[in-house]
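In order, the protein sequences belong to chains A and B.
The first sequence begins at 5 in our numbering and counts up one residue at a time.
The second sequence begins at 285 in our numbering and counts up one residue at a time.
Just so it is clear, CB atoms sit at the ideal spot from N, CA and C, and this is done for glycine as well.
Model, not experiment: these values are computed from the prediction.
Working notes, beginning with the structure itself.
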Amino acid sequence: MAATTVPTPFEVYRFDPSKDKAPRYDRFTLDLAPHTPVLTALLKIRSDSDPSLTLRYSCRSAICGSCAMVINSKSRLACQTQVGAELAKHGKIVIEPMRSQAVVRDLVVDQKPFWNRYRQIEPHLKTDPNDPMPVGKENPMTPEQVERFKETPRCIACAACYSACPAVEADPEFPGPMALAKLYRFVVDPRDKDTKNRLVRIQPEGLWLCLRCHLCTEACPKDVRPSERIRDLKELAIAAAGTSENGSRHAVGFKDNIAGAGVLNEFKLVRQTYGAMDLLRQVPQGVKIARKKPELLKKPHPIEGIEEVEAIYRALDPEGDR
Amino acid sequence: MKFAYYPGCVAQESGKELDMATRWVCRHLGIELVEFPKFSCCGSGFVDEANSILNVALNARNLALAESAGLDLMTICSTCQGMLTLANRRLEEPPVKAKVDSVLAPLGIRYSGKTKVTHLLSILTQQVGAEQLKKRVVRPLTGLKVGAFYGCHLLRPQAEMRSESAEEPHSFEDLIAAIGATPVFYRGRVMCCGFPILFVKEPTANRIAARQIDDAKAHGADAMATPCPLCHISLDSFQNKAEHEAGHALQMPVFHLPQLVGLALGATAEELGLPRHLVSTDAALAKVAQVAVPT
C-alpha cells in the first residue's frame, strides 16, 4: 500500500555568483510521503521542475558525506533528513547551502578551507624513522587502545559540524570541529610517534578558540561528538605542552583560582590569564564594569569547608599551582 | 517547593543582580531556597578542560551536600546547570565513580547519585507552571518583544543534559508569553554568546556576541533575556566591545531571566538590580511602565 502523500512546500536557495547579483529562494511544492528524504525531494525538483538546480550528492545512504546542507537552519545530511518531521515542525522546508563556505552555485559550496584545515593537522600516522612500523606484518592494538578512539573513526567528513560551528563562522583561525576530532584520533593512536609535537603545535593554531557550545556534537550525523574530543585534546595539550596560550592559561588559572576560596576570584582570574601588556589593555573595560559592579574587585571569602576542597585538590591535582 | 540554592560564583559577585532578582521572585512565588555556605564553584567548563576528574569530584561534593539534606538542587546559571549535570552523568561510569569515591570517602562525603539538578527556568515552567505564573502577574509585559537566549550548557550536549529539544527549545519562550511579553524566535537564541573565549581572543568573542544581538534585533526584539550570567557578561557587560567589532550601535537591553519575571510580578527596577547593567534597560522599561502596578 502506498503511503499517503501530502503537499510539501520547499524554499530553495539559488545563487550563481557568475550571473546573479544576489541570492534568491525558489518555491516548489511537491506531493511527498512523510518518510521521503530531503535529497530525494531535491532530485525530484531537479528532474521534474528545474534541471539547473545544483547540489552535491552521491551514496544516498549517509555514508559518503556529500549532501550536507542547511535544512530549516540546521546543518545536516539531506539523505538522512525526512520531509515529514520537518513539515510538522516548520510547515515548510527551507534549503540553504552550508555556512562559513563560499557558494559556488546554489547548494554547492567551496570546501577548500575545510579540507585545508583537515590537511593541516596531518591526518596520517607519523612514525619514528628510528622505530619504523613493521612491514608485511600486522601492527595490532589492544581493545583498550581502540577504545580510546571513542567515536572519532565514524567521521565521514561531511562538514556539517564545520557549518554549524560559531567559532568557524567568526574566526578563520579556528580549525573547526572535524579537523580537531581527527587530530584527537591521531593523538591517541598508539602507532603514531608524533603525539607531543601535535599537541604542542595545535595550541597556538586555534585549539583554544573552541567555544564548547556543543553545536558540532548536535549537528554530527554520525555521533562523532567532536566537542567532547576537543575537550579531551585540551586536557592532553595542557599535560603535554603546558600553558603557552591565553586559553590554556585561563583554564589552568581557573582551576588554580578556585582552590583558594572554593569560589572564583574574578579579578585574580584576569591576572592569571593575561600577560602584563594584555592585562593593561583590560583596565579601561574593567573600570567601566567595576563602576556598576564593584564586587568585581572584591576578594571572595573562603567557603565553609574549604579544607575539603583543598583535600580534593591535593588528591587529584597534586601538581597544581595553588 | 524547597530547593538547595546553588547561586554560582558570578551571581554572588559581579552578577549580584541575578541573585537579588532570584530571591525576590522565589519569595513571591513561595519557592523556599535553602542556603549552602559550603557549595564550591562548578568549574565553569574551564576546570573540566584543565582536569576533568577534579571537576567531577568537586561537583560530586556539591551534589552530596544537597543529597545529605534531602533536597534537589536549583541552579540559576546555564553553565552551573551544565557542569553539575555533567558530573551526575560522569558518575554513572563505574571507574569515574570509584575514583571520586576514593577521594571523597576519607573526607566523610558520600554521594549516591540522587540529587536532581534543575535550573530556575524549568522550575518556573514545569513546577510552578505557566497558569500559576499568569495568575501572579501584576504588570503584564504587554508589547515588549523579548528574544530568549538560552546559553549552550542548558541545552547541550542533549544526550547528557537530557534537556528539552536542543535545536528548538520553547520553554523560555513559553515563559516570556506567560508574563505577557511577546517571544521573538531567531537562530541566535540557541547559539553561543562567545563567553568561553572572552579571555582567549576577545575580538572573536565580541563578534560572536554581536552576531546574536544583531540577529535578535533583526527579528524585532526590544530586549533579550538569558538564564545564564556568563551570557549576560558577554551580551551586556561587553556589549560596547561587541558594538566596536560590529561597527554599529547595538543598544540591546539584556535581562537576567528572574529580572524579567520579577518585573511582571511587580518588583521595582532597584529590587531587581537593573541599574547595575552596563546597557540601560530604560527603553525596555518604558515599554511596560505604562501599566500601573497595583499596591
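{"Item": "In terms of residue numbering, what span does the alpha helix (DSSP H) encompassing A:L81 cover?", "Value": "No alpha helix (DSSP H) holds A:L81; the beta strand (DSSP E) holding it covers 78-81."}
{"Item": "When we look at the beta-carbon of A:M281 and count the other beta-carbons within 10 Å, is it buried (16 or more) or exposed?", "Value": "exposed"}
{"Item": "Looking at C-alpha atoms only, which residue of A:V256, A:E239, A:K154 is the closest neighbour of A:T277?", "Value": "A:V256"}
{"Item": "Could you tell me which residues DSSP pairs with A:I49 in its beta bridges?", "Value": "DSSP output for A:I49 lists no bridge partner at all."}
{"Item": "Name the two residues that bound the continuous alpha helix (DSSP H) containing A:E270.", "Value": "270-277"}
{"Item": "Apart from the five residues on each side of it in sequence, which residues of its chain come closer than 6 angstroms, Cβ to Cβ, to A:V98?", "Value": "E15, N76"}
{"Item": "Quick one: Cα of B:F469 to Cα of B:G427, how far?", "Value": "15 angstroms"}
{"Item": "How would you list, in chain order, the residues of chain A whose beta-carbon sits under 7 angstroms from the beta-carbon of B:P480?", "Value": "L215, R216"}
{"Item": "By the 8 angstroms beta-carbon criterion, what residues does the segment 516-529 of chain B contribute toward chain A?", "Value": "S521, F522, N524, K525"}
{"Item": "Taking Cβ positions, are B:C364 and B:G431 nearer each other than 8 angstroms?", "Value": "no"}
{"Item": "Pull up the DSSP beta-bridge partners for A:Q86, would you.", "Value": "A:P41"}
{"Item": "What residue ranges within the segment 95-128 of chain A form continuous beta strand (DSSP E) runs of no fewer than 3 residues, ordered along the chain?", "Value": "97-100, 107-109"}
{"Item": "Mind checking whether the beta-carbon of A:R123 lies closer than 7 angstroms to any heavy atom of the ligand HEM?", "Value": "This structure lacks the ligand HEM, and indeed carries no ligand of any kind."}
{"Item": "Suppose the cutoff is 6 angstroms on Cβ atoms and the five residues either side in sequence are ignored; what does the same chain contact list for B:V563 look like?", "Value": "D520, Q523, P537"}
{"Item": "Which of the three DSSP states, helix, strand or coil, is assigned to A:E15?", "Value": "strand"}
{"Item": "In the DSSP assignment, the alpha helix (DSSP H) including B:L370 goes from what residue to what residue?", "Value": "362-374"}
{"Item": "Is DSSP giving B:V401 helix, strand or coil here?", "Value": "strand"}
{"Item": "The beta strand (DSSP E) spanning A:R31 covers which residue range?", "Value": "28-36"}
{"Item": "Report back the beta-carbon spacing between B:T399 and B:L347 to the nearest angstrom; my notes put them in contact at under 8 angstroms.", "Value": "4 angstroms"}
{"Item": "Between B:L349 and B:G327, which are expected to be in contact by the criterion C-beta below 8 angstroms, what is the C-beta distance as a whole number of angstroms?", "Value": "No, B:L349 and B:G327 are not in contact; Cβ-Cβ is about 16 angstroms, not under 8 angstroms."}
{"Item": "Give the secondary structure of A:M73 by DSSP, where H, G and I count as helix, E and B as strand, and everything else as coil.", "Value": "strand"}
{"Item": "Can the beta-carbon of A:V112 be found less than 8 angstroms from the beta-carbon of A:A45?", "Value": "no"}
{"Item": "By DSSP's criteria, B:M508 is part of a beta bridge. Which residues make up the other side?", "Value": "B:G431, B:V538"}
{"Item": "Please identify the residue among B:D499, B:G314, B:P487, B:D332 whose C-alpha is closest to the C-alpha of A:F258.", "Value": "B:D332"}
{"Item": "Along chain B, which residues have their Cβ under 8 angstroms away from the Cβ of A:K226?", "Value": "Under the 8 angstroms cutoff, chain B gives no residues; its nearest Cβ is about 14 angstroms from A:K226."}
{"Item": "Any chance you could list the alpha helix (DSSP H) runs of at least 4 consecutive residues sitting entirely within the segment 455-479 of chain B, in chain order?", "Value": "455-462"}
{"Item": "If you measure from the beta carbon of A:H128 to each beta carbon in chain D, is any gap under 8 angstroms?", "Value": "The displayed structure is made up of protein chains A and B, and chain D is not among them."}
{"Item": "Rounded C-beta distance between B:R374 and B:V401? I'm assuming under 8 angstroms.", "Value": "Rounded, the Cβ-Cβ distance is 13 angstroms, inconsistent with contact."}
{"Item": "Can you name the residues that DSSP bridges to B:F287?", "Value": "B:L317"}
{"Item": "Between which two residues does the alpha helix (DSSP H) harbouring A:T199 extend?", "Value": "199-206"}
{"Item": "Can you check DSSP and say which residues form a bridge with B:V422?", "Value": "DSSP output for B:V422 lists no bridge partner at all."}
{"Item": "So, helix, strand or coil for B:M358, using DSSP?", "Value": "strand"}
{"Item": "Does any residue of chain B bring its CB to less than 8 angstroms from the CB of A:Y317?", "Value": "yes"}
{"Item": "Using DSSP bridges, identify the partner residues of A:D135.", "Value": "A:D132"}
{"Item": "Just to confirm, are B:R345 and B:S362 a CB contact at a threshold of 8 angstroms?", "Value": "no"}
{"Item": "Round the Cβ separation of B:H403 and B:L549 to the nearest angstrom and send it over; I've been treating them as touching at under 8 angstroms.", "Value": "Actually they are not in contact, since the Cβ atoms of B:H403 and B:L549 sit about 19 angstroms apart, beyond 8 angstroms."}
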